[in-house]
Amino acid sequence: GVDVQVTEAVAWFQAYADRLQQEKEHLTELDSRIGDGDHGANMARGWKAVKEELESFDQGLSECFMQVSKTLIAKVGGASGPLYGTAFLRMSMKLKGEASVSPGDWAELIQAGAEGIRQRGKVSGGEKTMYDVWAPLVDAARDGADLEETVLLRSLAETAREKAEATREMKATKGRASYLGERSIGHLDPGAVSTALLFEVLCDTLSR
Ligand code: ADP
Ligand code: MG
Ligand code: MG
Numbered sequence: 010g011v012d013v014q015v016t017e018a019v020a021w022f023q024a025y026a027d028r029l030q031q032e033k034e035h036l037t038e039l040d041s042r043i044g045d046g047d048h049g050a051n052m053a054r055g056w057k058a059v060k061e062e063l064e065s066f067d068q069g070l071s072e073c074f075m076q077v078s079k080t081l082i083a084k085v086g087g088a089s090g091p092l093y094g095t096a097f098l099r100m101s102m103k104l105k106g107e108a109s110v111s112p113g114d115w116a117e118l119i120q121a122g123a124e125g126i127r128q129r130g131k132v133s134g135g136e137k138t139m140y141d142v143w144a145p146l147v148d149a150a151r152d153g154a155d156l157e158e159t160v161l162l163r164s165l166a167e168t169a170r171e172k173a174e175a176t177r178e179m180k181a182t183k184g185r186a187s188y189l190g191e192r193s194i195g196h197l198d199p200g201a202v203s204t205a206l207l208f209e210v211l212c213d214t215l216s217r
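The sequence shown: position 173 = 182 (UniProt numbering), numbered continuously.
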């Protein structure tokens, strides 16, 4: 389809939950290098709950994002739970009354999520966090606003992966990784990688 409606959003979130089960060990390994080694478990647990709750979901698009937000805040824990939870809360607010997301809507939607993370995490660009993926996706979505949906989503997925890779050379100044200072350099940020996966799964799920 041209637009993402609630059915597609549910499919996206359920596929992400499955993907996180596969990537749990990897995310845990990344977090054990520069954090406390629980990011994979945190995300897999929280999104498993999201998947279960969405199995018989019969409300609208905004309500769907709201449900995800509440579940992430309740079930993910750690720093990432409230951060992702806030991103989904802000996106839900942005979607109020909307039945679908068309290619031209993604920039504002992602911006709402990124702003939530920026405020909640008191973070800015270059601090080696998930924000280093969310923020540049706003520009990528703006640049791709006139593209066909599948092309736009491919571009978001590629940008997300590139920006997650770019956290490797950054020095962490927020979250647990900041305790390592210079020693955080040379490792990927786990939250940046889980965010890249979120947008890769969006692309894979909706390009079918
Ligand atoms: P915790 O660090 O509490 O164990 P997680 O391991 O689940 O939580 O999540 C860690 C991720 O959260 C980091 O990789 C980073 O992307 C993100 N993060 C941590 N603190 C912040 C912050 N202040 N702003 C934005 N993102 C942050
Ligand atoms: Mg952790
Ligand atoms: Mg932890």
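All C-beta atoms in this analysis are idealised placements derived from N, C-alpha and C, irrespective of residue type, glycine included.
Just tell me which of Thr37, Val59, Glu64, Asp141 has its CA closest to the CA of Gln76. Position 67 of the sequence shown holds residue 76. Minimum Cα distance to Gln76 is reached at Val59.
Are the CB atoms of Ala173 and Val142 within a distance shorter than 8 angstroms? Looking up residue 142 in the sequence shown gives position 133. Looking up residue 173 in the sequence shown gives position 164. Contact flag set, yes.
Taking the alpha helix (DSSP H) that Glu157 belongs to, which residues open and close that run? Here residue 157 is taken as the residue at index 148 of the sequence shown, counted from 1. No alpha helix (DSSP H) contains Glu157, which DSSP labels as neither H nor E.
Distance cut-off 7 angstroms: Gly87 Cβ against heavy atoms of ligand 3: Here the question's residue 87 lines up with position 78 in the sequence shown. Gly87 Cβ: within cutoff of ligand 3.
Under 7 angstroms from any heavy atom of ligand 3, does the C-beta of Asp114 make it? Taking the first residue of the sequence shown as position 1, residue 114 is located at position 105. Outside the cutoff, so no.
Please list the terminal residues of the continuous alpha helix (DSSP H) segment that includes Val15. As a first step, residue 15 must be located in the sequence shown, where it is residue number 6. Counting along the chain, the alpha helix (DSSP H) containing Val15 begins and ends at 15-43.
To which residues does DSSP link Ser109 through a beta bridge? As a first step, residue 109 is located in the sequence shown; it is residue number 100 there, counting from the start. Partner(s): Gln14.
Arg28 and Val202: beta carbons closer than 8 angstroms? Counting from 1 along the sequence shown, the entry for residue 28 is found at position 19. Counting from 1 along the sequence shown, the entry for residue 202 is found at position 193. One thing to note: Arg28 has its Cβ no nearer than 8 angstroms to the Cβ of Val202.
Say yes only if the C-beta of Thr148 is nearer than 7 angstroms to one or more non-hydrogen atoms of ligand 3, and no if none qualify. Looking up residue 148 in the sequence shown gives position 139. With the sequence shown as reference, residue 148 is identified as Asp, and Thr is not the correct amino acid for it. Checking the Cβ of Asp148 against ligand 3 gives no.
At a cut-off of 7 angstroms, would you count His48 as near ligand 2, judging by its Cβ distance to the nearest heavy atom? Translated into the one-based positions of the sequence shown, residue 48 becomes position 39. Yes, the beta carbon of His48 sits closer than 7 angstroms to at least one heavy atom of ligand 2.
Just curious, the alpha helix (DSSP H) that Val202 is in, first and last residue? The residue given as residue 202 occupies position 193 in the sequence shown. Its alpha helix (DSSP H) spans residues 199-215.
Selected residue, minimal CA-CA separation from Glu62, among Gln128, Ala83, Ser89: Walking along the sequence shown from the start, residue 62 turns up at place 53. Here the closest residue by C-alpha is Ala83.
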